[in-house]
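Here the structure comes first, spelled out in structure tokens, and everything after it is commentary.
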Amino acid sequence: MEEYYFSVKDIALMTILGCVSSLTTLTTAFIPAPLPGLYAVIAIPVSTILTLIVVEVVGKFGAATFTQLVSGVISTFLPGGPPVVWMTIPAWCLGGVIIDIAFYLSGKKPSQSRLTATIAGLLYNIPGDIFLYWSFVAFLNWAFSPIFFLYGFMIIHMILGGIAGAFTPNIIIKIKPLSEQINHFK
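Numbering follows our numbering, in which position 26 of the sequence shown is assigned residue number 621; successive positions increment by one, without gaps.
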């Protein structure tokens with residue numbers, strides 16, 4: 596019988612890796628970005644890799660969404676990150692939903708399909724980026740054109756996520772003995 600609910604171990608792992616992922620938000624506190632979203636050079640690859648590791652180890656639908664929820668909540672309270680801080684949680688959660696749907700539809704884990712991991716990495720930032728752009732325009736009267744945003748930020752975010760998604764299966768294979776030890780205690 597397949598388990599559909601998260602165990603305490605699953606929740607602990609998703610929470611820990613979500614918290615570690617959110618620490619990348621601090622990069623803008625120490626390295627001031629000349630443009631909003633530039634912190635993504637560090638944040639997106641780290642977040643992608645950690646979220647895909649969670650999907651691999653937990654293996655249940657909703658694992659990426661929960662991990663991104665934790666990351667979004669913690670990122671909301673840390674210095675740095677997007678200028679409209681309270682939009683972080685829904686933007687991050689949308690990314691988790693995309694990752695969950697990608698792996699649910701493929702029926703594979705990140706270590707089993709480099710293509711699915713790359714596609715998930717490419718796509719998971721798009722809804723959050725569009726949501727954040729809308730919030731910047733609506734609440735900050737942002738003057739950047741949608742073309743600049745789409746070709747500037749979104750393409751860069753997609754490339755960073757795609758590269759991280761492509762490398763994640765290798766990382767998972769390297770840490771597989773550790774994840775097997777974690778799963779041994781079920």
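The beta-carbon is built from N, C-alpha and C at its ideal position, and this holds for glycine as well.
Residue i, buried or exposed, once every other Cβ within 10 Å from all chains shown has been counted against 16
i	result
Tyr600	exposed
Leu735	exposed
Gly702	exposed
Leu710	exposed
Ala759	buried
Val603	exposed
Thr754	As written in the sequence, residue 754 is Ile, which differs from the Thr given in the question. Burial call: exposed.
Leu773	exposed
Residue i versus residue j: straight-line alpha-carbon distance, rounded
i	j	result
Gly716	Val680	23 angstroms
Thr671	Ile725	18 angstroms
Gly683	Ala659	For clarity, residue 683 is Thr in the given sequence; the question names Gly instead. Those two C-alpha atoms are separated by around 16 angstroms.
Met596	Ile714	Residue placement at Met596 cannot be trusted, given a pLDDT of 39 that sits under 50; what the coordinates show is reported in the next sentence. For Met596 and Ile714, the distance between alpha carbons rounds to 30 angstroms.
Ala607	Val665	11 angstroms
Ser706	Ile644	12 angstroms
Nearest candidate by alpha-carbon position, reference residue i, set the options
i	options	result
Lys704	Ser666, Glu651, Lys604 and Ser670	Glu651
Ser730	Pro685, Ala635 and Tyr746	Pro685
Tyr699	Met749, Leu647, Ile750 and Ile721	Leu647
Chain D within 8 angstroms of residue i, Cβ atoms only
i	result
Leu608	The chain inventory of the structure shown lacks chain D, comprising one protein chain alone.
Assumed close pair residue i, residue j - CB separation to whole angstroms, cut-off 8 angstroms
i	j	result
Ala761	Ala712	7 angstroms
Would you call the stretch 726-744 and the stretch 752-770 in contact, with 3 or more CB pairs under 8 angstroms?
no
Inter-stretch contact (C-beta, 8 angstroms, three-pair minimum) for the stretch 634-641 and the stretch 689-702:
no
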